[in-house]
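Inspection log for the structure reproduced underneath, given as structure tokens.
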Amino acid sequence: MAELHPQLLKDCLILGRFPLCHLLLMRDANYPWFILVPDRDAVSEIYQLSEADQQQLLRESSLLADFLMTSFHGDKMNIAALGNIVPQCHIHHVIRYHTDAAWPAPIWGCVPCKVYTDSELKNVVDKIKQATLDGFEFQENCNDDI
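The sequence shown begins at 166 in the numbering used here and counts up one residue at a time.
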């Protein structure tokens, strides 16, 4: 099992995992912001994954994006793999609204991070916990951070 980068551990809550990826929640209440991290050592880019892992990543990303847009009623789904600060391969899934703090600009560096209230965080985590996403296993102890 690949270790998660320290910056991801600092900035995110681990929600669980799909067959290939860990699912994280960015601790920024400005946007519903989730991150998929393939559980592979020494991979910084998607093209470095095996073909089978690339296909699995696309399946997991698409499944997650569809669920998030339906559950959070977003206006737009932004999916990005940047890795300029965190070299470990990770894919951001950010639900955008025409009314969000950065719309229509990119979210990075636009507004300061907003800390979740306990009830906001519980609401987001409960949506994921109750989801029926094929192959996803919720990490029960993630609520220890709430």
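No residue lacks a Cβ here, since even glycine has one placed at the ideal position from N, Cα and C.
Rounding to the nearest angstrom, what Cα-Cα distance links residue i and residue j in this structure?
i, j, result
"Val202", "Cys278", "21 Å"
"Leu190", "Pro197", "8 Å"
"Pro171", "Pro252", "11 Å"
"Gln304", "Arg224", "20 Å"
"Phe210", "Ala245", "For the record, residue 210 in the displayed sequence is Glu; it is not Phe. Cα to Cα, the separation comes out at about 12 Å."
"Leu214", "Cys254", "9 Å"
"Ala296", "Asn243", "20 Å"
"Asp204", "Lys175", "18 Å"
"Val276", "Ala267", "7 Å"
"Ile256", "Tyr262", "19 Å"
"Phe301", "Ser226", "12 Å"
"Asn308", "Pro271", "Since pLDDT at Asn308 reaches only 49, below the 50 mark, its modelled position is unreliable, and the value read off the structure follows with that caveat. Those two C-alpha atoms are separated by around 30 Å."
So what's residue i in DSSP terms, helix, strand or just coil?
i, result
"Glu168", "coil"
"Val202", "strand"
"Glu210", "coil"
"Gly194", "Gly is not the amino acid found at residue 194; the sequence shown has Ala there. In the structure shown, Ala194 sits in coil (DSSP, three-state: anything other than H, G, I, E or B)."
"Lys241", "strand"
"Leu185", "coil"
"Ile250", "coil"
"Val280", "coil"
"Phe301", "coil"
"Leu178", "strand"
"Ile256", "strand"
In chain order, what residues of the same chain have a beta carbon less than 7 Å from the beta carbon of residue i, not counting five sequence neighbours either side?
i, result
"Ile311", "Below a pLDDT of 50, predicted positions are generally treated as unreliable, and Ile311, at 43, falls in that range; no measurement from the model is reported."
"Asp206", "Ala167"
"Pro193", "It is worth fixing the name first, because residue 193 is Asp in this sequence and not Pro. These residues qualify, in order along the chain: Cys278, Lys279."
"Lys294", "Phe303"
"Asp265", "Asn195, Tyr196"
Just to confirm, are residue i and residue j a CB contact at a threshold of 8 Å?
i, j, result
"Asp218", "Leu185", "yes"
"Ile260", "Gly239", "yes"
"Phe199", "His258", "yes"
"Leu247", "Asp299", "no"
For the ligand ADP, I want to know if residue i counts as a neighbour, meaning its beta carbon is within less than 7 Å of at least one of the ligand's heavy atoms.
i, result
"Ile293", "In the structure on display, the ligand ADP does not appear, and there are no ligands present to speak of."
Return the chain-ordered list of same chain residues with a C-beta closer than 6 Å to the C-beta of residue i, the five sequence neighbours on each side being excluded.
i, result
"Lys292", "Ser236"
"Tyr281", "Ala194"
| field | Contact the region 210–230 vs the region 173–180: 3+ CB pairs below 8 Å | value | no
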